[in-house]
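Remarks on the structure that follows.
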Amino acid sequence: MKKLTTSILLAGSLIIFNGCQQDIKVKAPSIDINMQTVDYKSVKFISDYKSIALEWQSVKSPNAQGYYIYRANMQEDGIKFKRVATLENKYITHYLDKGLESNSKYSYGISVIGKNGVESTASRSVVAKTLPNLQSVSFLTTVNKLPKQIKILWRPHESSAISSYLIERTSPVTSKWEKIAEVKDRYSVEYIDKNLGDNDVYMYRIKAVTFDGIISDFSTMVQGTTKPLPNHIGKLESTTNLPRKIQLSWTQSPTKDIFLYNIYRSSSADGSYTKIAKARAGDNRFDDTINEDDKIYFYKITTVDKDNLESDIKEISPVMGSTLSKPRVPKITLAQIQGNKIILNWEASDDRAVSYNIYKSVKENWNSESKLIPNVTGLRFEDPDVVRGIEYRYSIQSVDKHGIVSPKTFEVSQMLPTIKNIPIK
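Residue numbers for the sequence shown follow the working numbering, so the first one is 369 and each next one is one higher.
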């Protein structure tokens, strides 16, 4: 008892705290050993997570003015006491010591404040222990594979004192936890973490908060994953031999919930791709109709699932397709006059040619007239429809079975000479 009392008295020479928890300087205590002290048997306490409430029987002495409360943190300071409160009314019989550590032992002594700045010896100490910190929710889980979001679910806390839940998040790429939400009300037991990426992984934990601001320990940690983008289609093929269209065919994506395919086209492999069509999930062919011959395009096809997630077009290698090219130009091998006809011979430069177009141009004086002679199936053309003294120009086109024509040959020209009149003698 003597040793403990001495420890309490020595506290007067330290920096100590008043009832408002503010730092103050005090003089060394002046002890009146004859003053009535608080009966330690009357000191009762009630412990909470972060506070301890003290109660004692008041001192009846007419010299009593109030009380000093002394405290020692037994985990950190042993029996080294500090004055933590000054109660300036002897009829006060309660004190709430707040801001403590949970699950910690504290020792308290109470002395009586007398007149002229003296105080009694401290009461025998009373040891109290704060409650173990509030536990978090007992069950926490996540709902995974949602598009760009993760749903977090937990069981309501068993304590009716809970007012809200604090949700924290981290990821495998950082060691830092961040608070992302506070969910009000004890029975609100879900939170959806939105605006996330695709196939992202996050870890979550929860702390419960009471109405008077007590924060629980962390819950167990749970992991959640957002939905990945759908898999790409299989092999994509395109044609190069169809007239004025490019046909695409592909192997369907292995992703089960594919809703449709988006078809993109560009005029260059590394150019900007424009969406030109959609195909249903069950389709694996598309015809791109193009009103040009020998037209080259590059294609990419993305997959879109039922949640409207689209596979990354940047990860797709383009496939080139083209419309059927024009037949090659025939080669004129003969252009001459035979009798009253102009004769043309030529060679077929392309096996695709099934007929030829002959373009005949007539120039007389200042007038010019052109005429198309189609569907010539041989490699020779005889033109008897000519007039002497007029120049005729000819060019030839190959025509394939689809009606696709080659460029024209260079023009060749012929003219039947006029017949001079011979005078009759």
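Even for Gly, the Cβ is constructed at its ideal location relative to N, Cα and C. In this text, all values refer to a predicted model and were calculated from it rather than measured experimentally.
For residue 619, there is no enclosing beta strand (DSSP E), as DSSP gives it neither H nor E.
For residue 754, there is no enclosing beta strand (DSSP E), as DSSP marks it with neither H nor E.
Taking the Cβ atoms as the reference, residue 729 lies roughly 4 Å from residue 761, within the contact range of under 8 Å. The DSSP-derived three-state label of residue 683 is helix. Secondary structure of residue 771 (DSSP, three-state): coil. Membership of residue 643 in the beta strand (DSSP E) is indicated by the continuous run 642-648. Annotation: residue 579 is outside any beta strand (DSSP E) and is labelled neither H nor E by DSSP. In the DSSP annotation of this structure, the continuous segment of the beta strand (DSSP E) that includes residue 592 starts and ends at 590-593. Secondary structure at residue 776: coil, using DSSP grouped into helix, strand and coil. Here the C-alpha atom of residue 784 lies approximately 7 Å from the C-alpha atom of residue 758. Pairing residue 693 with residue 704, the inter-Cα distance amounts to about 32 Å. In the DSSP annotation of this structure, the continuous segment of the beta strand (DSSP E) that includes residue 545 starts and ends at 542-552.
Within 10 angstroms of the beta-carbon of residue 528 lie fewer than 16 other beta-carbons, which makes it exposed. If the five residues before and after residue 772 are omitted, its C-beta is found closer than 7 Å to the C-beta atoms of 611, 661, 692, 694, 695, all from its own chain and listed in chain order. Short of 7 Å from the beta carbon of residue 722, and not among the five residues preceding or following it, lie these beta carbons of its own chain, in chain order: 767, 768, 769. For a cut-off of 8 Å, the C-beta gap from residue 551 to residue 525 is around 11 Å, too long to register as a contact. Cβ-Cβ separation between residue 677 and residue 566: approximately 7 Å, consistent with a contact (criterion under 8 Å). Proximity of the segment 584-604 to the segment 505-521 meets the contact definition, three or more beta-carbon pairs being nearer than 8 Å.
Straight across, the Cα-Cα distance linking residue 562 with residue 549 is about 11 Å. Between residue 585 and residue 502, the C-beta spacing is below 9 Å. In the three-state reduction of the DSSP assignment, residue 707 falls in the coil class. Under the three-state reduction of DSSP output, residue 724 falls in the strand class. Assignment of alpha helix (DSSP H) within the segment 394-436, counting only whole runs of 4 or more residues, yields no such run.
When beta bridges are read from the DSSP output, residue 673 appears opposite 626. At the C-beta level, residue 763 and residue 779 come within 9 Å of one another. Just so you know, the alpha carbons of residue 416 and residue 463 end up roughly 13 Å apart. If the five residues before and after residue 487 are omitted, its C-beta is found closer than 8 Å to the C-beta atoms of 397, 398, 399, 400, 403, 436, 479, 480, 481, all from its own chain and listed in chain order.
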